[in-house]
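**Q** To convert, note that position 46 of the sequence shown is 46 in the UniProt record's numbering; the numbers rise steadily by one, no gaps. Glycine residues also receive a C-beta, built at the ideal position from the N, C-alpha and C atoms. All values derive from a computational prediction rather than experimental measurement.
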Amino acid sequence: MVSLWRPAEPTPDPKGWTKSLEGLAALDPPVEYGGRRKNLVWVQPTRIAEIEYRAWTHEGKLRHASYKGLREVQDNAAVFEILPEA
Numbered sequence: 001m002v003s004l005w006r007p008a009e010p011t012p013d014p015k016g017w018t019k020s021l022e023g024l025a026a027l028d029p030p031v032e033y034g035g036r037r038k039n040l041v042w043v044q045p046t047r048i049a050e051i052e053y054r055a056w057t058h059e060g061k062l063r064h065a066s067y068k069g070l071r072e073v074q075d076n077a078a079v080f081e082i083l084p085e086a
């Protein structure tokens with residue numbers, strides 16, 4: 001699970017994400033990250049979200065990912081990684 005959070009400048013925060021992530025900042029990324037963006041704030045992966053997607057890319061990334069919301073029950077035992085088909 002990738003936990004990536006970019007603080008919004010003057011953008012409204014209707015879901016209250018900024019406040020809920022304030023105490024979770026991490027110095028280092030919790031996952032391997034080879035990107036080039038510099039204005040990122042990493043957070044500890046403590047929330048479980050429902051994500052719907054169309055397919056995996058050849059690079060192992062999700063195609064057409066859509067955030068559906070946070071799980072009401074934050075049950076870590078129910079989280080697993082689905083690997084793309086080779």
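Classify residue 8 as helix, strand or coil using the three-state DSSP reduction.
**A** On the sequence shown, residue 8 is found 8 positions in, with the first residue counted as 1. Bear in mind that a pLDDT of 47 at residue 8, under 50, signals an unreliable position, so the number given afterwards is only what the model happens to contain. DSSP places residue 8 in coil when its eight states are reduced to three.
**Q** Rounded to a whole number of angstroms, what is the C-alpha to C-alpha distance between residue 56 and residue 22?
**A** The sequence position of residue 56 within the sequence shown is 56, counting from 1. The sequence position of residue 22 within the sequence shown is 22, counting from 1. Whole-angstrom Cα-Cα distance: 31 Å.
**Q** With a threshold of 7 Å on Cβ separation, who are the neighbours of residue 65 within its own chain once the five nearest residues in sequence on each side are excluded?
**A** By one-based count along the sequence shown, residue 65 stands at place 65. Within the same chain, residue 65 has close Cβ partners 51 and 53.
**Q** Using DSSP's beta-bridge definition, name the partner residues of residue 69.
**A** Here residue 69 refers to the residue found at position 69 of the sequence shown. In DSSP, residue 69 forms a bridge with 50.
**Q** Taking residue 20 as the reference, give the member of 67, 46, 62 and 60 with the closest Cα.
**A** The residue you call residue 20 lines up with position 20 of the sequence shown. Of the listed residues, the one whose Cα sits closest to residue 20 is 46.
**Q** Please say whether residue 30 and residue 42 have beta carbons closer to each other than 8 Å?
**A** By 1-based counting over the sequence shown, the position of residue 42 is 42. By 1-based counting over the sequence shown, the position of residue 30 is 30. Against a cut-off of 8 Å, the Cβ pair of residue 30 and residue 42 comes out as a contact.
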